[in-house]
Amino acid sequence: MTTSAKQYVNDVFEIVKKRNPGETEFHQAVKEIFDSLVPIFEQDPVYIEHNILERMVEPERIISFRVPWVDDEGKVRVNRGFRVQFNSAIGPYKGGLRFHPSVNASIIKFLGFEQIFKNSLTGQPIGGGKGGSDFDPKGKSDNEIMRFCQSFMSELSKHIGPDTDVPAGDIGVGAREIGYLFGQYKKMRGGYEAGVLTGKGLDFGGSLTRTEATGYGTVYFVNEMLKDQNDSFEGKTVVVSGSGNVSIYAIEKATELGAKVVACSDSNGYIYDKNGINLETVKRLKEVERKRIKEYVNEHPEAEFKTEDGGIWSIPCDIALPCATQNELNEEAAKTLVSNGVKAVGEGANMPSTLDAIDVFLDNGVLFGPAKAANAGGVAVSALEMAQNSARLAWTFEEVDEKLQNIMANIYKNSVDNAEKYGHPGNLVVGANIAGFRKVADVMIAQGVI
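What follows is the structure in structure tokens.
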């Protein structure tokens with residue numbers, strides 16, 4: 034059975050590569066998940082009989098569309114919009130929108146595929162989807178961003194709804210963009226459907242704790258890993274890549290739990306502050322003034338700003354939290370972290386570690402929290418926002434935060450239990466993938482060949 038299980042996985046992966054040529058990010062995400070599912074196919078061949086993998090790896094729907102808009106000089110610009118509605122077995126499609134020049138079909142499909150398993154892990158009734166555009170919000174005026182968002186939503190509105198597909202934010206899509214998108218959706222539909230987008234402002238259906246959820250959730254997950262080793266964040270040195278929403282609130286929660294965060298970054302470089310990052314400065318620079326992280330050293334001359342690519346992982350730390358973007362942490366960086374004594378790694382971004390880097394961490398006994406488990410807090414609270422919208426009520430910050438902590442603890446427990454059950458104790462990559470897969474696969478079998 035071992036041979037047939039591996040052969041099945043390999044055969045389907047060859048189909049994926051043939052059907053999706055050149056989509057390297059999508060191939061990487063699929064391979065990471067496929068390889069970890071071999072143990073469940075060995076024990077439960079029913080999934081092979083139903084050819085679940087080939088069905089699951091093919092999106093239910095892919096939408097690509099033109100997004101024309103007019104800049105402040107009156108010039109017509111054109112971008113490309115995407116929405117991948119990957120799997121709706123356990124609920125409406127759910128996943129963020131990313132506005133970044135790197136966005137293409139491969140990026141959106143890798144994110145959407147990961148989202149299936151991540152959303153399943155949360156225990157909430159949400160399927161997997163993702164979307165976005167190659168539009169770059171950096172350097173654009175508020176009016177330009179508004180015009181782009183209105184054009185983008187004019188097309189996207191045809192394909193989404195509170196019970197169909199519920200987008201949220203991601204890289205390049207924050208509160209400002211969600212506000213513009215929601216306003217245009219409301220105008221297009223002629224009704225107030227609060228549950229169609231999550232990450233909304235608190236005054237029009239948003240949830241307390243949603244802003245903090247992904248960063249907080251990553252730290253809560255890592256804390257569960259540490260607690261199992263009779264350890265904690267207390268007194269630990271932490272490095273966090275990125276300086277966006279996920280990074281900021283990971284820094285905040287790690288600091289609250291007694292750690293000293295000494296570094297963070299943006300696409301231009303990273304800052305190292307041996308005294309500990311001043312979070313209020315970072316928040317103001319990135320969330321209010323929208324400036325580059327290098328400006329930090331103007332107010333904190335004891336800090337250093339460096340531009341080496343990937344150099345942030347050369348800083349010795351106990352805990353590393355990659356929270357910037359995909360494939361930011363490679364094999365060489367992983368080896369550096371290990372040689373410097375890193376104890377735990379929690380992925381706050383989506384697929385931030387290469388497959389080789391993950392192998393380095395697992396081979397050296399580093400506690401490793403894979404993205405689909407560790408950063409599931411954001412979409413978990415998005416589902417809680419949907420629940421509040423459906424009931425037309427609002428929970429307190431403390432209520433949502435308590436639910437978030439419970440969800441992250443359950444994700445950790447389910448990942449540990451499935452890793453143990455399928456012969457890979459302690460390997461949370463295998464455990465999380467199998468836990469997420471089982472629920473979706475069982476429901477797909479129950480619903481028939483559709």
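The sequence shown begins at 34 in my numbering and counts up by one.
Where is the CB? At the ideal position from N, CA and C, for every residue including glycine.
Values in this document were obtained by computation on a predicted structure and should not be read as measured data.
Using only CA atoms, which one of Gln480, Ala474 and Ile483 lies nearest to Ile81? Here the question's residue 81 lines up with position 48 in the sequence shown. Nearest C-alpha to Ile81: Ala474.
Do Asp351 and Thr244 have their beta-carbon atoms positioned less than 9 Å apart in this structure? For the purposes of this step, residue 244 is taken as residue 211 along the sequence shown, with counting starting at 1. For the purposes of this step, residue 351 is taken as residue 318 along the sequence shown, with counting starting at 1. Against a cut-off of 9 Å, the Cβ pair of Asp351 and Thr244 comes out as no contact.
Using only the alpha-carbon positions, how far apart do Tyr445 and Leu144 sit? As a position in the sequence shown, residue 445 is number 412, starting the count at 1. As a position in the sequence shown, residue 144 is number 111, starting the count at 1. Cα to Cα, Tyr445 sits roughly 21 Å from Leu144.
Environment of Thr247 [buried if 16+ CB atoms lie within 10 Å]: What you label residue 247 is simply residue 214 of the sequence shown in a count that begins at 1. That one is buried.
Please give me, in chain order, every unbroken run of the beta strand (DSSP E) with length at least 3 that falls completely inside the region 75 to 107. Segments of the beta strand (DSSP E) lying fully in the region 75 to 107: 94 to 103.
Taking the alpha helix (DSSP H) that Leu400 belongs to, which residues open and close that run? The count along the sequence shown starts at 1 and reaches residue 400 at position 367. Premise fails: Leu400 lies in the beta strand (DSSP E), Leu400 to Gly402, not in any alpha helix (DSSP H).
Taking all protein chains shown into account, decide if Ala407 is buried (16 or more other Cβ within 10 angstroms of its Cβ) or exposed. Numbered from its first residue, the sequence shown carries residue 407 at position 374. Looking at its Cβ environment, which holds 16 or more other Cβ atoms inside 10 Å, Ala407 is buried.
In three-state terms, what does DSSP make of Val117? The residue given as residue 117 occupies position 84 in the sequence shown. Strand.
My understanding is that Thr242 touches Asp434, with C-beta atoms under 8 Å, so please give their C-beta distance in whole angstroms. The residue given as residue 242 occupies position 209 in the sequence shown. The residue given as residue 434 occupies position 401 in the sequence shown. Right, their Cβ atoms sit about 5 Å apart.
Can you grab the Cα-Cα spacing for the pair Arg317 / Tyr455, in whole Å? By one-based count along the sequence shown, residue 317 stands at place 284. By one-based count along the sequence shown, residue 455 stands at place 422. Spanning the two alpha carbons is a distance of roughly 47 Å.
My parser needs the alpha helix (DSSP H) runs of 4 or more residues fully inside the region 234 to 310; what are they? 246 to 260 and 278 to 289
Quick check: the Cα distance between Met258 and Glu453, rounded to an integer number of angstroms? For the purposes of this step, residue 258 is taken as residue 225 along the sequence shown, with counting starting at 1. For the purposes of this step, residue 453 is taken as residue 420 along the sequence shown, with counting starting at 1. The alpha-carbon atoms of Met258 and Glu453 are separated by roughly 15 Å.
Straight-line Cα distance separating Glu147 from Ile193: For the purposes of this step, residue 193 is taken as residue 160 along the sequence shown, with counting starting at 1. For the purposes of this step, residue 147 is taken as residue 114 along the sequence shown, with counting starting at 1. Near 20 Å, if we compare the C-alpha coordinates of Glu147 and Ile193.
7 Å CB neighbourhood of Asn308 in its chain, flanking five on each side removed: The sequence position of residue 308 within the sequence shown is 275, counting from 1. Taken in chain order, the residues that qualify are Glu335.
Round the Cβ separation of Ser69 and Val463 to the nearest angstrom and send it over; I've been treating them as touching at under 8 Å. Your numbering for residue 69 matches position 36 in the sequence shown. Your numbering for residue 463 matches position 430 in the sequence shown. Sure, about 4 Å apart at Cβ, within 8 Å.
What distance in whole Å lies between the Cβ atoms of Tyr126 and Gly161, which are believed to be in contact at a cut-off of 8 Å? Indexing the sequence shown from 1 puts residue 161 at position 128. Indexing the sequence shown from 1 puts residue 126 at position 93. For Gly161 against Tyr126, the beta-carbon gap comes to about 7 Å, under 8 Å, which counts as contact.
What do you get for Tyr329, buried or exposed, if any count of 16 or more other CB atoms within 10 angstroms of its CB means buried? As a first step, residue 329 is located in the sequence shown; it is residue number 296 there, counting from the start. Tyr329 should be labelled buried.
Give, in chain order, every unbroken run of the beta strand (DSSP E) that is at least 3 residues long and sits entirely within the region 332 to 364. The qualifying runs are 337 to 339 and 352 to 354.
Roughly how far, in whole angstroms, is the beta-carbon of Cys211 from the beta-carbon of Lys233, given that I think they are within contact range, below 8 Å? In the sequence shown, residue 211 corresponds to position 178, counting from 1. In the sequence shown, residue 233 corresponds to position 200, counting from 1. According to the sequence displayed, residue 211 carries Ile and not Cys. Yes, they are in contact, since the Cβ atoms of Ile211 and Lys233 sit about 6 Å apart, within 8 Å.
Just to confirm before moving on: does the CB-CB distance between Gly216 and Met419 stay below 9 Å? Counted from its first residue, the sequence shown places residue 216 at position 183. Counted from its first residue, the sequence shown places residue 419 at position 386. Not a contact, by the Cβ cut-off of 9 Å.
If the criterion is Cβ atoms closer than 9 Å, does the pair Ala427 and Gln421 meet it? The residue given as residue 427 occupies position 394 in the sequence shown. The residue given as residue 421 occupies position 388 in the sequence shown. Yes; because the gap between Cβ atoms is below 9 Å, this pair is in contact.
Is Asn466 helix, strand or coil when you go by DSSP? Here residue 466 is taken as the residue at index 433 of the sequence shown, counted from 1. Helix.
Under 8 Å by Cβ, that's how I've got Ser274 and Ser298 pegged, so tell me the actual separation to the nearest angstrom. Taking the first residue of the sequence shown as 1, we reach residue 274 at position 241. Taking the first residue of the sequence shown as 1, we reach residue 298 at position 265. Contact flag correct, Cβ pair sits at about 5 Å.
If distances are taken between C-alpha atoms only, which option among Val49, Gln40, Glu47 and Ile85 comes closest to Phe470? On the sequence shown, residue 470 is found 437 positions in, with the first residue counted as 1. Here the closest residue by C-alpha is Ile85.
So, using beta-carbon positions, are Val399 and Lys368 closer together than 9 Å? Counted from its first residue, the sequence shown places residue 399 at position 366. Counted from its first residue, the sequence shown places residue 368 at position 335. Contact flag unset, no.
How many angstroms separate the CA atom of Pro195 from the CA atom of Arg323? Residue 195 sits at position 162 when you count from the first residue of the sequence shown. Residue 323 sits at position 290 when you count from the first residue of the sequence shown. Approximately 31 Å between the Cα atoms of the pair.
To the nearest angstrom, report how far apart Ala366 and Lys151 are at their CA atoms. Taking the sequence shown and counting its residues from 1, the one referred to as residue 366 is at position 333. Taking the sequence shown and counting its residues from 1, the one referred to as residue 151 is at position 118. So the alpha carbons of these two residues sit roughly 25 Å apart.
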